[in-house]
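Peer 1: If you scroll down you'll find the structure; I have some questions about it.
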Amino acid sequence: MFRILKSEWLAPKVRQLEVEAPRVAARHRPGHFVIVRAYSGGERVPLTIADSDAKRGTITLVIQVIGATTERLCALGSGDMLSDVVGPLGKATEIEHFGHVVLVGGGVGTAVIYPQASALKAKGNRVTAVMGGRSKAYVILEKELSAICDAVYPCTDDGSYGYNGFVTGKLGELIADPERPVNAVITAGPVPMMKAIANVTREKRILTIASLNPIMVDGTGMCGGCRVTVGGKNLFACVDGPEFNAHEVDFASLTDRLAAYRDHERSVWERLKSDQEHQCKLQAAMADAKVG
Amino acid sequence: MKPAERMKIQRQAMPEAPAEERAHHFREVNLGLPPDLAAIEAKRCLSCKNHECVAGCPVGIDIPGFIAAFDEGDLERAANLLYSANVLPGITGRVCPQETQCEELCLVGKKGKPVAIGYLERYVADWARENLKRTITLAPPTGKKVAVVGSGPAGLTCAGELAKLGHKVTVFEALHRPGGVLVYGIPEFRLPKAIVDKEVQTLQDMGVTIECNVVIGATLTLDDLTKTEGYDAVFVGNGAGLPVFQNIPGENLKGVYSANEYLTRVNLMSAYLGAQADTPVLRGQGVVVVGGGNTAMDGVRTARRLGADPACLVYRRSEKEMPARVEEVHHAKEEGVRFEMLTNPLEILGDEAGWVRGVRCQRMGLGEPDASGRRRPVPIEGSEFEIPCEVFIEAIGTKANPLLTQATPDLKLNKWGNIVADENGMTSLPGVFAGGDIVRGGATVILAMGDGKKAAVGIHNYLSGTGT
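Take a look at the structure:
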């Protein structure tokens with residue numbers, strides 16, 4: 001069992017958990033992920049490690065509610081336990097001296113680029129962060145990234161904060177700036193966003209790395225469910241990735257495969273909602289009984 | 001009883017759940033011999049002088065000894081004899097290919113059917129599990145610590161043998177539940193999880209510690225184990241966990257699985273419960289499984305139980321060349337699995353939304369024997385045809401998992417990435433032993449157990465300073 005030490009909302013439906021996992025914390029490098037099971041019988045969910053503290057033996061996970069399992073994870077509070085946490089898995093980000101690196105995070109993807117920002121900075125890079133969100137409330141980790149990066153650009157789809165528009169628009173501006181040529185781009189977020197980012201940098205041949213999020217089961221290479229097509233070859237995101245050259249990734253296939261279990265996800269979601277409703281009714285009935 | 005009288009007794013048949021029923025549930029197929037039939041079967045053993053059966057057993061069980069004890073009515077002694085050679089008899093009694101090992105060499109079998117050694121092993125193990133508190137005696141503690149990587153058949157056996165010898169053993173398992181292939185791969189209807197859990201519990205009762213959620217090569221390295229965690233020796237039995245795909249068009253369509261993924265979802269993650277399970281598995285009207293081994297058989301029989309009609313097995317050679325156990329093939333046929341032999345998939349076909357809709361296959365003929373000694377399959381021109389299906393499962397083998405070996409550059413590997421181990425199970429690193437599929441490539445539970453046992457002896461000698 002793995003104890004949650006801290007649990008708080010970062011944005012609507014986005015929760016940050018600080019979890020006691022000393023062995024994982026000791027080995028964590030930017031780019032690594034863990035597989036988490038909230039409770040016995042639960043799904044195995046891959047989550048990128050957003051931060052770690054080897055001294056305190058903790059890792060930080062940022063989770064967005066997208067289905068029943070993530071809703072349950074986000075309902076956990078400080079002192080609660082996660083049944084299983086295994087990692088750190090995947091290959092760590094190759095942290096090199098690129099020159100000027102732009103990190104582009106969309107939604108919870110911003111949590112993926114956060115540990116990369118400090119490592120890249122420590123390696124002597126100029127680091128720019130671009131963080132996208134639907135509106136102001138959805139832009140996360142701005143303060144933390146500002147403390148590390150040379151420049152940060154929050155972007156909102158509705159223009160309620162920072163750059164008015166998608167992260168691709170801001171990135172387009174950055175790579176067009178002759179004063180500060182961009183040498184590398186690292187991106188994490190929704191698949192359509194990463195695909196669009198790859199298209200922005202392709203023509204200029206700027207090295208672009210995307211952190212992929214396919215469906216996984218074991219996370220150790222055993223099942224092959226996370227296979228993604230990169231440069232025409234099928235690779236396993238869990239052991240060969242999860243970061244790949246974005247210009248070579250077949251994003252259409254990734255998008256399609258992510259939809260394989262929509263029907264099941266809906267039915268599990270409905271089961272969760274009916275359980276919750278039942279719980280509410282039960283509590284109401286018990287309250288009534290007490291009053292009576 | 002005289003040998004001639006014993007020879008006259010017919011081999012007792014294993015009672016089975018009726019095929020038409022069991023094709024729809026996951027409960028065990030083989031029900032186990034009832035006491036009266038088991039007692040009759042035990043009388044068939046001649047306790048012959050050469051006891052060749054023992055030579056056929058990778059873990060060297062005193063087969064005539066345990067059967068004689070049983071025949072004399074001393075089940076406890078029978079159990080002790082079993083457990084002294086094999087810490088997992090309830091498992092091997094179910095999944096060993098006895099017909100090509102002990103039973104193949106049985107003297108009784110030269111004239112008629114061999115003694116049903118596997119059935120008797122299972123009977124005694126099941127009796128012991130229900131009736132005996134402790135069946136294993138342990139040597140006094142040696143003060144030595146051994147780490148075992150992987151809790152599959154190789155690791156569990158090695159751990160049990162080392163514990164018997166008085167060593168302090170910790171088993172590290174990457175998944176959230178111990179058992180390795182015994183819980184993620186082999187289905188409930190062949191090996192109930194409750195049996196694995198109890199055998200694992202027996203090891204824990206012997207003082208073995210099991211730590212789940214630790215991936216050696218990621219969470220800790222081999223170096224950590226020997227240098228910072230203070231282990232005096234290590235056994236690596238992390239299995240051949242990387243599925244091989246055929247590399248044919250259509251493999252990324254929705255509905256294509258490796259057998260590992262399909263079986264893991266259904267077994268370890270309980271997807272057979274359908275909407276009641278958190279982890280899903282795709283079910284189709286038609287399911288096609290490609291391969292000819294036990295894993296392919298497990299896959300197609302699982303698909304059948306999840307409602308597939310047809311549940312179809314496609315294999316490029318003929319039934320005779322199939323590496324699967326005869327019993328599995330027989331059971332699969334009884335359960336209504338369709339066999340398409342001498343057939344090779346060329347392409348997985350998808351619909352416009354990216355779902356599998358069928359597989360295009362080609363018929364094969366058999367040519368000259370190849371390197372494996374089996375006749376080489378040769379494509380027959382113009383024989384292409386389609387099998388409609390919604391799920392396509394590839395069970396054509398696995399490769400060595402690279403996680404541990406990549407993190408251990410000094411460890412010597414062969415050209416396939418398998419760890420090289422000597423006749424005592426020792427690798428190129430002193431004190432680091434290995435066995436099972438990570439050394440052999442894909443093999444059987446019992447061969448992995450044999451390796452685990454051999455390595456335990458090697459480790460014991462290494463730790464005792466008597467060399468290996």
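Protein chains in written order, with our numbering: chain A, 1 to 292; chain B, 1 to 468.
Built from N, CA and C at the ideal position, the CB exists for glycine as well.
Spatial neighbours of G67 of chain A within its chain, please: CB distance less than 8 Å, with the 5 preceding and 5 following residues excluded, ordered by chain position.
Peer 2: For G67 of chain A, where only same-chain residues beyond five positions count, the Cβ hits under 8 Å are E265, V268, W269.
Peer 1: Of all Cβ atoms in chain B, is any one closer than 9 Å to the Cβ of H278 of chain A?
Peer 2: It does not: the Cβ of H278 of chain A has no partner Cβ on chain B nearer than 9 Å.
Peer 1: What residues are listed by DSSP as bridge partners for D53 of chain A?
Peer 2: The partner list for D53 of chain A (beta bridge, DSSP) reads A:T58.
Peer 1: Check the DSSP bridge columns for M131 of chain A and list the partner residues they point to.
Peer 2: According to DSSP, M131 of chain A bridges with A:G105, A:P154.
Peer 1: What span of residues does the alpha helix (DSSP H) with I446 of chain B cover, start to end?
Peer 2: Its alpha helix (DSSP H) spans residues 445 to 463.
Peer 1: Put I308 of chain A into one of helix, strand or coil per three-state DSSP.
Peer 2: It is not possible to answer for residue 308 of chain A, since the shown part of chain A is limited to 1 through 292.
Peer 1: Taking only beta-carbon atoms, is K273 of chain A less than 9 Å away from chain B?
Peer 2: With 9 Å as the cut-off, K273 of chain A does not count as an interface residue toward chain B.
Peer 1: Return helix, strand or coil for K121 of chain A, following the three-state DSSP convention.
Peer 2: Here K121 of chain A sits in helix by DSSP.
Peer 1: Hey, D232 of chain B and L429 of chain B are a contact pair by Cβ (cut 8 Å); roughly how many whole angstroms apart?
Peer 2: That pair is no contact at about 13 Å.
Peer 1: Give the list of continuous beta strand (DSSP E) stretches no shorter than 3 residues that lie fully inside the segment 279 to 346 of chain B.
Peer 2: Within the segment 279 to 346 of chain B, the complete beta strand (DSSP E) runs of at least 3 residues are 287 to 290, 311 to 314, 338 to 340.
Peer 1: Just checking R177 of chain B against the ligand NAP - is the residue's beta carbon closer than 8 Å to any of the ligand's heavy atoms?
Peer 2: This structure does not include the ligand NAP; it has no bound ligands of any sort.
Peer 1: Beta carbons nearer than 7 Å to chain A: which residues of the segment 221 to 253 of chain B have them?
Peer 2: If the cut-off is 7 Å between Cβ atoms, the segment 221 to 253 of chain B has G241, L242, P243, F245, E251, N252 near chain A.
Peer 1: Thinking just about the alpha-carbon of each residue, which of A:D150, A:V228, A:A111 is nearest to the one in V139 of chain A?
Peer 2: Checking every option, the nearest Cα to that of V139 of chain A belongs to A:A111.
Peer 1: On the CB-based measure, 16 or more other CB atoms within 10 Å of its CB, does D36 of chain B come out buried or exposed?
Peer 2: When all chains shown are included, D36 of chain B counts as exposed.
Peer 1: Whose Cβ in chain B lies nearer than 9 Å to the Cβ of N234 of chain A?
Peer 2: Here the neighbours are F245, N247, E251, N252.
Peer 1: So, does the CB of G299 of chain B fall closer than 9 Å to a CB anywhere in chain A?
Peer 2: No, because no Cβ of chain A sits closer than 9 Å to the Cβ of G299 of chain B.
Peer 1: Among residues of its own chain, excluding the 5 on either side of G60 of chain B, which ones have a beta-carbon nearer than 7 Å to its beta-carbon?
Peer 2: Closer than 7 Å at the Cβ level, and outside the excluded window around G60 of chain B, lie V54, A85.
Peer 1: Would S258 of chain B pass as an interface residue toward chain A - the criterion being a Cβ-Cβ separation below 9 Å?
Peer 2: So, interface residue.
Peer 1: Just checking: is the beta-carbon of Q204 of chain B within a distance shorter than 9 Å of some beta-carbon in chain A?
Peer 2: No, no contact with chain A.
Peer 1: Contact criterion: CB-CB distance below 9 Å. Does P46 of chain A meet it with respect to chain B?
Peer 2: It does not; no Cβ of chain B falls within 9 Å.
Peer 1: Quick check: the segment 240 to 247 of chain B against the segment 159 to 168 of chain B, are there 3 or more CB pairs under 8 Å?
Peer 2: No, they do not touch.
Peer 1: Is the beta carbon of I186 of chain A sitting closer than 9 Å to the one on E243 of chain A?
Peer 2: Going by C-beta atoms, I186 of chain A is nearer than 9 Å to E243 of chain A.
Peer 1: Taking 9 Å as the threshold (C-beta atoms), are F172 of chain B and V214 of chain B in contact?
Peer 2: Contact: yes.
Peer 1: Find the nearest neighbour of I95 of chain A within the set A:L120, A:V182, A:D150, judged by alpha-carbon distance.
Peer 2: Nearest of A:L120, A:V182, A:D150 to I95 of chain A, Cα basis: A:L120.
Peer 1: What distance in whole Å lies between the Cβ atoms of W416 of chain B and A400 of chain B, which are believed to be in contact at a cut-off of 8 Å?
Peer 2: Rounded, the Cβ-Cβ distance is 6 Å, consistent with contact.
Peer 1: Whose Cβ in chain A lies nearer than 7 Å to the Cβ of E261 of chain B?
Peer 2: V217, C223, G224, G225, listed in chain order.
Peer 1: Check the C-beta distance from P310 of chain B over to G284 of chain B and give it rounded, since I have them as a contact under 8 Å.
Peer 2: Incorrect: roughly 10 Å between the Cβ atoms, too far for contact.
Peer 1: Which residues in the same chain have their Cβ closer than 7 Å to the Cβ of I186 of chain B, if we skip the five residues on either side of it in sequence?
Peer 2: Same-chain partners within the cutoff: V95, D298.
Peer 1: What residue range is occupied by the uninterrupted alpha helix (DSSP H) comprising D71 of chain B?
Peer 2: Looking at the DSSP string, the run of the alpha helix (DSSP H) that includes D71 of chain B is 63 to 71.
Peer 1: Compare the beta carbon distance of E261 of chain B and V217 of chain A with 9 Å and say whether it is the shorter of the two.
Peer 2: Cβ atoms of E261 of chain B and V217 of chain A: closer than 9 Å.
Peer 1: Please confirm if R257 of chain A has its CB atom under 9 Å from at least one CB of chain B.
Peer 2: It does: the Cβ of R257 of chain A has a partner Cβ on chain B nearer than 9 Å.
Peer 1: To the nearest angstrom, how far is it from the Cα of I136 of chain B to the Cα of V439 of chain B?
Peer 2: Using only the alpha carbons, I get a separation of about 29 Å.
Peer 1: Taking buried to mean at least 16 other C-beta atoms within 10 Å of its own C-beta, is D410 of chain B buried or exposed?
Peer 2: By the neighbour-count rule (16 or more Cβ atoms within 10 Å), D410 of chain B is not buried but exposed.
Peer 1: Taking the alpha carbon of C312 of chain B as the reference point, which residue from B:F339, B:L366, B:P3 has its own alpha carbon closest?
Peer 2: C312 of chain B has its Cα closest to that of B:F339, out of B:F339, B:L366, B:P3.
Peer 1: Among the candidates B:L346, B:R305, B:A332, B:G291, whose CA atom is the shortest distance from the CA of E321 of chain B?
Peer 2: That would be B:G291, whose Cα lies nearest to the Cα of E321 of chain B.
Peer 1: Any beta carbon of chain B sitting closer than 9 Å to that of P192 of chain A?
Peer 2: Cβ-Cβ to chain B under 9 Å: no for P192 of chain A.
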